[in-house]
Structures are given as C-alpha cells and as structure tokens.
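Report on one structure; see the data block that follows.
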Amino acid sequence: EKVCLPKNKGKFPAGLFRHGGLIGDLVREQLFAQDDREGGQCVLREGFLVYLLVSYGDGGSSLEMASARRDELRVIPGLEAMEEVRC
Numbered sequence: 104e105k106v107c108l109p110k111n112k113g114k115f116p117a118g119l120f121r122h123g124g125l126i127g128d129l130v131r132e133q134l135f136a137q138d139d140r141e142g143g144q145c146v147l148r149e150g151f152l153v154y155l156l157v158s159y160g161d162g163g164s165s166l167e168m169a170s171a172r173r174d175e176l177r178v179i180p181g182l183e184a185m186e187e188v189r190c
C-alpha cells in the first residue's frame with residue numbers, strides 16, 4: 104500500500120527520514136497514534152529503525168527498480184542521502 108497519499112499527510116513527518124529526527128517529541132507525536140502511546144508518552148525502544156520496502160521490477164526477474172517506481176519515491180524527504188539495500 105502506498106504511504107505518501109493525502110490521507111496520510113502528517114502521519115509520516117519529514118523528521119522521520121532524517122538521522123536523529125526521532126529525538127524530538129514533535130516528530131514522535133505525529134508518528135504515534137493515541138492508542139500506540141504508553142502512558143501518553145511516545146516511547147521508542149532501543150534499536151528502533153525505519154525501513155522503506157519497495158518492490159523491484161514488475162514481478163518478473165528484473166533486479167532494477169522501474170523508473171516509474173523510482174519517481175514515486177522522490178517525494179520522500181532526503182531520499183538521496185539514504186542507503187539502498189537490495190534484499
């Protein structure tokens with residue numbers, strides 16, 4: 104399911120995609136729903152990581168990301184600074 108949709112605006116703040124972006128409360132408050140909070144606090148466990156999983160190819164044997172898919176990712180803040188890991 105796509106994440107970068109108008110209905111999700113504000114749920115994935117730009118700080119989520121920056122090193123150290125989850126240190127401040129503002130980003131965590133946007134990320135955590137009320138039901139996900141512990142005692143009203145946005146608690147992050149040690150080792151918490153953010154991963155973006157993207158399908159490669161068109162379901163065939165292609166090991167290259169389609170240009171249309173790569174264009175969709177350009178809305179992610181700081182994408183050029185992220186590491187691409189194939190798995």
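For the sequence shown, the positions run 104 to 190 when our numbering is used. Note that CB positions come from ideal geometry on N, CA and C, so glycine has one too. This one's a predicted model, so the numbers in the text were calculated from it and none came from an experiment.
Could you pull the start and end residues of the alpha helix (DSSP H) that residue i belongs to?
i	result
D174	S170 to L176
CB residue i to CB residue j, shorter than 9 Å?
i	j	result
P180	R121	yes
L134	P116	yes
L129	G142	no
L125	L155	no
A169	Y159	yes
C145	D139	yes
May I ask you to report which of helix, strand or coil DSSP gives residue i?
i	result
E149	coil
E132	helix
G127	coil
K112	coil
L182	helix
S156	The sequence as given places Leu at residue 156; Ser does not occur at that position. Coil at L156, not helix or strand.
Among all the DSSP beta bridges, which residues are the ones paired with residue i?
i	result
Q144	E141
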